[in-house]
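Residue numbers (the working numbering): 612 to 1077. Glycine is no exception: its CB is placed at the ideal position from the N, C-alpha and C atoms. These figures come from a predicted structure and were not determined experimentally. Beneath this line is the structure, given in structure tokens, with notes to follow.
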């Protein structure tokens, strides 16, 4: 049988409640027993005080306690327990309970020696002592042993009656504890049950599952975490489906063009002339670039890390990359400018090959989408242990709502960033992966030149800012 968490907590609570009820019952019983013994002892002490007053006249300074013999003892103490009946009738006889009480009593003289047997009480005996006084002088003692156990029939009957009541109280308290523990455990574990059901739904692929959250305790925090996980999985599922659909669409376009042009040559509609071969080569090149970009993204998704152990001069990479694109920018009638806040080397710890690819992708992206005549500016600055690289271009710009989506895979802005300009919308996604691998940040904003500005912040090498 499966020992569920519900059973574990319920049994634990029942065990604790039962221990507490039993412990409380024992303490109450002990307190009641002690109180009952004290009550009996106190009652006997009060009667002993009356006896002391009653037998005080039997003492004289000349003869001491000789008048009070053991035979006259009960007669001398009898008036304490009843009064003579009117009309001169003889008093009632003492009952057995009273006789037993009187037999337990001893009378001691001022030297604490019994007047009946000339013995002193044992030192270990716990005694109730009441002084016998005559004219404010202590002339003796009325003593008896304290009750360390409930011995009287009446007291025992009362004690057993109370014990029975205690047992019923303990039983009902235990049953009540069981019911309350069951209700409380069920109440507190209800969120876990909802969480279990939601997890089963999530396991079956229902990523839209959400848990109703109530309260602000740890279970509520766990439920919120689960809801966030569910939303994240749903978003990833939708992104994956959209990703597959976009890839299929991107691959279908060049493949369809290749197929139609090859079939035209095969059917004799077109001859294998250089211009048609160049068109085929162009489509194959686009397809190759797309596949290569997909491969780069798959490597980053699989967690393949870049080699960040080298010290790289960012200034040199920017100069080299801009020099390579200078001719192409001139041909497109786009002015490429660079400005640096420092002429010295700017060192960071990173992978030179991936950083070169980062600059190349960003420059390629700007040249591809900037209208001619236009401007392209690359600026470098250092602040707060960071190197900041800003690449901004002129019109056309990017709508405000499109800025956060630029780094999404296969995302392209309509019109000014259309497919007619080339590319599959993967370049900026690859750039973001490279920047993140170097513990940096990349942000897209509006450019002061009228187009798009991409700002990259990378941590400087430790040796560079000491």
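Check: Element boundaries [alpha helix (DSSP H), containing residue 1020]; Outcome: Careful: residue 1020 lies outside any alpha helix (DSSP H) and carries neither H nor E.
Check: First and last residue of the uninterrupted alpha helix (DSSP H) at residue 619; Outcome: 616-666
Check: Beta-ladder partner(s) of residue 1069, from DSSP; Outcome: 998
Check: Cβ neighbour criterion (16 or more within 10 Å) applied to residue 851; Outcome: exposed
Check: Reference residue 668, options 843, 687 and 996, closest by Cα; Outcome: 687
Check: Cβ-Cβ distance between residue 758 and residue 651 below 7 Å; Outcome: yes
Check: Buried versus exposed, by CB contacts within 10 Å (16 or more), residue 956; Outcome: exposed
Check: Cβ distance (whole Å) where residue 1071 is taken to contact residue 1049 below 8 Å; Outcome: The pair is not a contact, with the Cβ atoms about 11 Å apart (cut-off 8 Å).
Check: Residue 951, DSSP secondary structure in three states; Outcome: strand
Check: Test item: CB-CB of residue 925 and residue 959 under 7 Å; Outcome: yes
Check: Sheet register partners of residue 1053 (DSSP bridge); Outcome: 1067
Check: Bridge partners - residue 751, DSSP secondary structure assignment; Outcome: 720 and 743
Check: Per-residue DSSP class, three states only, for residue 1026; Outcome: Interpretation of residue 1026 is limited by its pLDDT of 42, a score under 50 that renders its predicted location unreliable; no figure is taken from the coordinates.
Check: For residue 1031, the three-state DSSP class (helix, strand or coil); Outcome: Unreliable positioning characterises residue 1031 in this predicted model, as indicated by a pLDDT of 47, which lies under 50. A coordinate reading is not provided.
Check: Expected contact under 8 Å - CB spacing of residue 1002 and residue 973 to nearest Å; Outcome: 5 Å
Check: For residue 958, the residue or residues it bridges with in DSSP; Outcome: 924
Check: Residue 966 beta carbon less than 7 Å from that of residue 928; Outcome: yes
Check: Where the alpha helix (DSSP H) through residue 1006 begins and ends; Outcome: First-last for residue 1006: undefined, no H or E at that position.
Check: Separation of residue 823 from residue 629, as counted between CA atoms; Outcome: 35 Å
Check: Backbone CA spacing between residue 641 and residue 635 [nearest angstrom]; Outcome: 10 Å
Check: Buried or exposed (CB count within 10 angstroms, at least 16 for buried), residue 1083; Outcome: Outside the shown range of the chain, which is 612 to 1077, sits residue 1083, and nothing can be said about it.
Check: Residue 1012 versus residue 990: straight-line alpha-carbon distance, rounded; Outcome: 25 Å
Check: Alpha-carbon spacing of residue 888 relative to residue 862, whole angstroms; Outcome: 20 Å
Check: Local conformation of residue 866 per DSSP, three classes; Outcome: helix
Check: Rounded separation between residue 655 and residue 616 - CA only; Outcome: 58 Å
Check: For residue 1083, the residue or residues it bridges with in DSSP; Outcome: The structure shown does not extend to residue 1083, since the chain is modelled only from 612 through 1077, so no value can be given for it.
Check: Inter-residue spacing [alpha-carbon to alpha-carbon] between residue 833 and residue 785; Outcome: 33 Å
Check: Own chain, CB closer than 8 Å to residue 809, minus 5 neighbours either side, in chain order; Outcome: 820, 821, 822, 837 and 841
Check: CB of residue 741 within 7 Å of CB of residue 719, strictly; Outcome: no
Check: DSSP state of residue 1062 mapped onto helix, strand, coil; Outcome: strand
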